[in-house]
Amino acid sequence: MKSKIHFLVLAASAWVAGCSFMPASGDNASQAAQAAAGTGQTRQGNAATASAYRMVVEDNGGRVEVEKVAFRPGVSSASVERLAKQHDCAGSAGAGLLTVKGPVEVYRMQCDNGTVFMARCELRQCRPMH
Numbered sequence: 221m222k223s224k225i226h227f228l229v230l231a232a233s234a235w236v237a238g239c240s241f242m243p244a245s246g247d248n249a250s251q252a253a254q255a256a257a258g259t260g261q262t263r264q265g266n267a268a269t270a271s272a273y274r275m276v277v278e279d280n281g282g283r284v285e286v287e288k289v290a291f292r293p294g295v296s297s298a299s300v301e302r303l304a305k306q307h308d309c310a311g312s313a314g315a316g317l318l319t320v321k322g323p324v325e326v327y328r329m330q331c332d333n334g335t336v337f338m339a340r341c342e343l344r345q346c347r348p349m350h
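Each residue of the sequence shown is one higher than the last, beginning at 221 in the working numbering.
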């Protein structure tokens, strides 16, 4: 009797473990539909880049995927904007957070001259990324 219980416990745990490896059917359908949509603006699923949009831009040089990060009050960093100003980057939109808020953060700022300034902040100590 005791060996039958052990067998049932083993079989149930194997069944549960096997189910964890199978993807949910609803997720595959939505991902396939989104991939089939192709170009245009799509919303990223990452919580850190909830205000980021990816779009494909095409010209004579080819196709390029670009990401636009919106300025979010309370999340953007004034110290990154000051650092950008020291590196000849003046922007009216402010610096946008690209990563999850935490001890290490990456910010991006669109400069008025068309360049992009990026900074990495570790424990609120920011340095430009090159």
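Using N, Cα and C, we set each Cβ at its ideal position, and we do this for glycine too.
Count the other C-beta atoms from every protein chain shown that fall within 10 angstroms of the C-beta of residue i, then say buried if there are 16 or more, exposed otherwise.
| i | result |
| --- | --- |
| E301 | buried |
| A253 | Confidence in A253 is poor, its pLDDT being 43 and thus under 50, which makes the residue's placement too unreliable to answer from. |
| R283 | exposed |
| E278 | exposed |
| Q345 | exposed |
| L303 | buried |
| L343 | exposed |
| A339 | buried |
| M329 | buried |
| S297 | buried |
| G314 | buried |
| G316 | buried |
Return helix, strand or coil for residue i, following the three-state DSSP convention.
| i | result |
| --- | --- |
| R369 | Shown here, the chain extends from 221 to 350; a query on residue 369 therefore has no answer. |
| G282 | strand |
| V326 | strand |
| V320 | coil |
| A315 | strand |
According to DSSP, residue i sits in a beta bridge with which residue or residues?
| i | result |
| --- | --- |
| M338 | R328 |
| M275 | V286 |
| R347 | R340 |
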